[in-house]
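Novice: One structure, pasted below without further comment.
Protein chains: 2
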Amino acid sequence: MLRLTKQADYGLGLLAFVARKPGQTHTARELSARSSYPLPMVTKILKLLTRSGLLESRRGVKGGYSLARSPEAVTAADIIHALEGPIALTGCIAGEPGDCDKEPICPIQGHLRVLNDAIRATLQGVTLASMTLPAVGDPVLQIDSATSTQSVCNK
Amino acid sequence: MLRLTKQADYGLGLLAFVARKPGQTHTARELSARSSYPLPMVTKILKLLTRSGLLESRRGVKGGYSLARSPEAVTAADIIHALEGPIALTGCIAGEPGDCDKEPICPIQGHLRVLNDAIRATLQGVTLASMTLPAVGDPVLQIDSATSTQSVCNK
DNA sequence: AAATACAGGACCAATATGGTTCTGTATAGA
DNA sequence: TCTATACAGAACCATATTGGTCCTGTATTT
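Given below as structure tokens:
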């Protein structure tokens, strides 16, 4: 629990793919095939990421999606925020201060805020650039980046 | 998003109440009244916390719930784990290693694991004891701890 | 024995999520 | 200019999860 939605999960995977070749455009079809995420989901997510300014899109025959910023300038927090909205452990935290009538006497709100900020900071510390590198404990693979299908776990 | 369930949210609040007077027993009715969480929810959550070993229960007329461990020995991670199951950003992370067939070539699994561990560590860093103290930014109140009703924000 | 209080379920309505589909518009190239 | 490609936007649906209730049973105190 404390789960990410699949949209956010997929989104992280998709952007990690795109970030491997920044500046290059990728079609939804291609990204779906590579990731093995269902195509309709992929198109939906790519549209959301475009609207949020993380991707740029080009229509037409040679169209596709490409990164709108450098991979160093996109964090996991950005991606999750784009696909699930503000990072907030509870509705109380998401709301504007003063939004909840019990707020002034709520004994845990402050602590939740502290936790929430720490989690957000963690998510802001991971960039797309870092996600193109192998993580600690990752299996070491020889990948032909031009042709390989790198399936993403979607369990 | 990245929301806690209300059960976990409530659970944190309820335990924060109980931890103010460790060693003392509190009935479900009393905790519901103090927190203004709906009674049926409160009873359900207290049962779960008892089964998980965070609370001890006594039946009968003088019954109620009390902390099973010292407030220093209970973390936010423990509470969330008890009420929502293992802390895992994705199903992939929750499963046993080797559980997902795409795992060996999944390029983001390692990074998710790193993120997940960091978040869990954050949640493990906050104890019930610390939650009985005011948090940074909390309003300073004069509370008569014997009689006051300290409503918890449940928005 | 009676009243209190927890234990353990089953149960239900509402919401959110995952996923699909359809119509429309822009672009490249024949 | 016509056609195929590919994104834009939105409506839509089935299902799972969540929040919440309720009922029956057991233990304990007085």
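As given, the protein sequences belong to chains A and B, one line each in that order. Residue numbering for the first sequence follows our numbering, beginning at 531 and increasing consecutively. Residue numbering for the second sequence follows our numbering, beginning at 531 and increasing consecutively. Note that CB positions come from ideal geometry on N, CA and C, so glycine has one too.
Taking the alpha-carbon positions, what's the Leu545 (chain A) to Leu658 (chain A) distance?
Specialist: If I take the Cα positions, the gap works out to 7 Å.
Novice: Residues of the stretch 549-561 of chain A with a CB closer than 7 Å to any CB of chain B: list them in chain order, please.
Specialist: Hits within the stretch: zero.
Novice: If we cut at 8 Å on Cβ distances, does Pro601 (chain B) have a partner in chain A?
Specialist: Judged by the 8 Å Cβ criterion, Pro601 (chain B) is not in contact with chain A.
Novice: Any Cβ of chain B within less than 8 Å of the Cβ of Met571 (chain A)?
Specialist: No, because no Cβ of chain B sits closer than 8 Å to the Cβ of Met571 (chain A).
Novice: Would you check if the distance between the CB atom of Leu585 (chain B) and the CB atom of Ser596 (chain B) is smaller than 8 Å?
Specialist: Yes, the pair counts as a contact, with Cβ atoms nearer than the cut-off.
Novice: What are the residues that DSSP puts in a beta bridge with Ser514 (chain B)?
Specialist: For chain B, the structure presents residues 531 to 685; residue 514 (chain B) sits outside this window and is missing.
Novice: Determine the DSSP secondary structure at Thr471 (chain B), reduced to helix, strand or coil.
Specialist: There is no way to answer for residue 471 (chain B), as the model of chain B reaches only from 531 to 685.
Novice: Quick check: what's the CA-CA separation for Tyr567 (chain B) versus Tyr540 (chain B)?
Specialist: So the alpha carbons of these two residues sit roughly 7 Å apart.
Novice: Report yes if the CB atom of Ala558 (chain B) is closer than 8 Å to the CB atom of Leu532 (chain B), and no otherwise.
Specialist: Not closer than 8 Å, so no.
Novice: Does Ala603 (chain A) pass the burial test, meaning 16 or more other C-beta atoms within 10 Å, or should it be called exposed?
Specialist: Its Cβ having fewer than 16 others within 10 Å, Ala603 (chain A) is exposed.
Novice: With 9 Å as the limit, tell me which residues of the stretch 595-621 of chain B have their beta carbon closer than that to any beta carbon of chain A; keep them in chain order.
Specialist: Taking 9 Å as the Cβ-Cβ cut-off against chain A, the residues of the stretch 595-621 of chain B that qualify are Ala606, Ile610, His611, Leu613, Glu614, Gly615, Pro616, Ile617, Ala618, Leu619, Thr620, Gly621.
Novice: Are Thr555 (chain B) and Gly590 (chain B) closer than 8 Å when you measure CB to CB?
Specialist: No, the pair does not count as a contact, with Cβ atoms beyond the cut-off.
Novice: Secondary structure at Thr580 (chain A), three-state DSSP: helix, strand or coil?
Specialist: Reduced to three states, the DSSP call for Thr580 (chain A) is helix.
Novice: So with Cβ pairs under 8 Å, would you call Ile575 (chain A) a contact of chain B?
Specialist: So, not an interface residue.
Novice: Pick helix, strand or coil for Thr662 (chain B), following the three-state DSSP scheme.
Specialist: Of the three classes helix, strand and coil, the one that applies to Thr662 (chain B) here is coil, per DSSP.
Novice: How is Thr657 (chain A) classed by DSSP in three states: helix, strand or coil?
Specialist: Thr657 (chain A): strand per DSSP, three-state reduction.
Novice: Helix, strand or coil, according to DSSP, for Ala612 (chain A) in the structure here?
Specialist: Ala612 (chain A): helix per DSSP, three-state reduction.
Novice: For Arg650 (chain B), which residues in the same chain have their Cβ closer than 7 Å to its Cβ, ignoring the five residues on either side in sequence?
Specialist: Closer than 7 Å at the Cβ level, and outside the excluded window around Arg650 (chain B), lie Ala607, Ile617.
Novice: Comparing the C-beta of Pro568 (chain A) with each C-beta of chain B, is any distance below 8 Å?
Specialist: Not one chain B Cβ lies under 8 Å of Pro568 (chain A).
Novice: Can you tell me whether Pro664 (chain B) is buried or exposed, with buried defined as 16 or more other CB within 10 angstroms of its CB?
Specialist: Exposed: under 16 other Cβ atoms inside 10 Å.
Novice: For chain B, check one thing: does any of its Cβ atoms lie closer than 8 Å to the Cβ of Arg564 (chain A)?
Specialist: So no, Arg564 (chain A) is outside the interface.
Novice: Sorted by chain position, which residues of the same chain lie with C-beta nearer than 6 Å to Thr535 (chain A)'s C-beta, five sequence neighbours on each side aside?
Specialist: For Thr535 (chain A), where only same-chain residues beyond five positions count, the Cβ hits under 6 Å are Glu614.
Novice: Name, please, each residue of chain B whose Cβ falls closer than 7 Å to the Cβ of Ala648 (chain A).
Specialist: Those within 7 Å of Ala648 (chain A) in chain B are Thr652.
Novice: Against chain A, with Cβ distances strictly below 8 Å, would Ala659 (chain B) count as a contact?
Specialist: Judged by the 8 Å Cβ criterion, Ala659 (chain B) is not in contact with chain A.
Novice: With distances taken between CB atoms, is the gap from Thr652 (chain A) to Thr605 (chain B) smaller than 8 Å?
Specialist: In this structure, Thr605 (chain B) does not lie closer than 8 Å to Thr652 (chain A) by Cβ.
Novice: Quick one: residues in its chain with C-beta nearer than 7 Å to the C-beta of Leu645 (chain B), no 5 flanking neighbours on either side, listed in chain order?
Specialist: These residues qualify, in order along the chain: Leu619.
Novice: Would you say Gly640 (chain A) lies against chain B (beta-carbon separation less than 8 Å)?
Specialist: It does; some Cβ of chain B falls within 8 Å.
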